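*Asks:*
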Amino acid sequence: MTLSTASRDTIAAFAAQLGLPLPASPDGSYSFAFRQSGLVTFTAAEGSERVVMSLARNVQLGDAGEERLLQMAGPDPTTGQFLHTGVTRDGSALLAVSLDEGFDLPTVESGLQRLLAAGRALG
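Structure, rendered in structure tokens:
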């Protein structure tokens, strides 16, 4: 599945706001690497009209960290936005939120703040 034109335009505005290039991956996703925060990726969700915004952080979790990561998953009490958590094949912590198709820049910014806050809580 590919991102809609509206989604690509919003991601382009996000990149422009940060002064970053807009590199599309062969699978149609867009990723931005940040030295301290991790890798932020926008991917079209299969079988739906949603976009997954994720943050992969290369942190040493250990047993306590993995438990903390799992406890983070769930709805945000103020926004209702669900935070998904997991571990990638290389052991990085993965945090993700799902965005409605046609999302706007403020939605990206609030979702990113949620991901970054959760990432900081991991260490």
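Last residue of the sequence shown: 126 (my numbering), numbering continuous.
The C-beta atom is built at its ideal place from N, Cα and C for all residues, glycine as well.
Here the structure is a predicted model, which is why all the values come from computation and not from measurement.
Pairs of beta-carbons, one from the stretch 83 to 101 and one from the stretch 55 to 68, closer than 8 Å: are there three or more?
*Replies:* Enough Cβ pairs lie closer than 8 Å, so yes.
*Asks:* Could you tell me how far apart the beta carbons of E112 and R53 are, in whole angstroms, since I believe they sit closer than 8 Å?
*Replies:* The pair is not a contact, with the Cβ atoms about 18 Å apart (cut-off 8 Å).
*Asks:* Exposed or buried, what is F45 when buried is set at 16 or more other beta-carbons lying within 10 Å of its beta-carbon?
*Replies:* When all chains shown are included, F45 counts as buried.
*Asks:* Is it buried or exposed for G41, if we count other Cβ within 10 angstroms and need 16 for buried?
*Replies:* Under this definition G41 is a buried residue.
*Asks:* For the beta strand (DSSP E) holding T46, just list the boundary residues, first then last.
*Replies:* Segment G41 to A47, the beta strand (DSSP E) holding T46.
*Asks:* Does the Cβ of A47 have 16 or more other Cβ atoms within 10 Å, making it buried, or fewer, making it exposed?
*Replies:* That one is buried.
*Asks:* Going along the chain, which unbroken runs of the beta strand (DSSP E) with 3 or more residues stay wholly within the stretch 79 to 106?
*Replies:* 85 to 90 and 96 to 103, all fully within the stretch 79 to 106.
*Asks:* What does the Cβ neighbour count give for A121, buried or exposed, with the cut at 16 atoms within 10 Å?
*Replies:* Classification for A121: buried.
*Asks:* Counting along the chain, where does the alpha helix (DSSP H) carrying A18 start and finish?
*Replies:* First-last of the alpha helix (DSSP H) with A18: T8 to L21.
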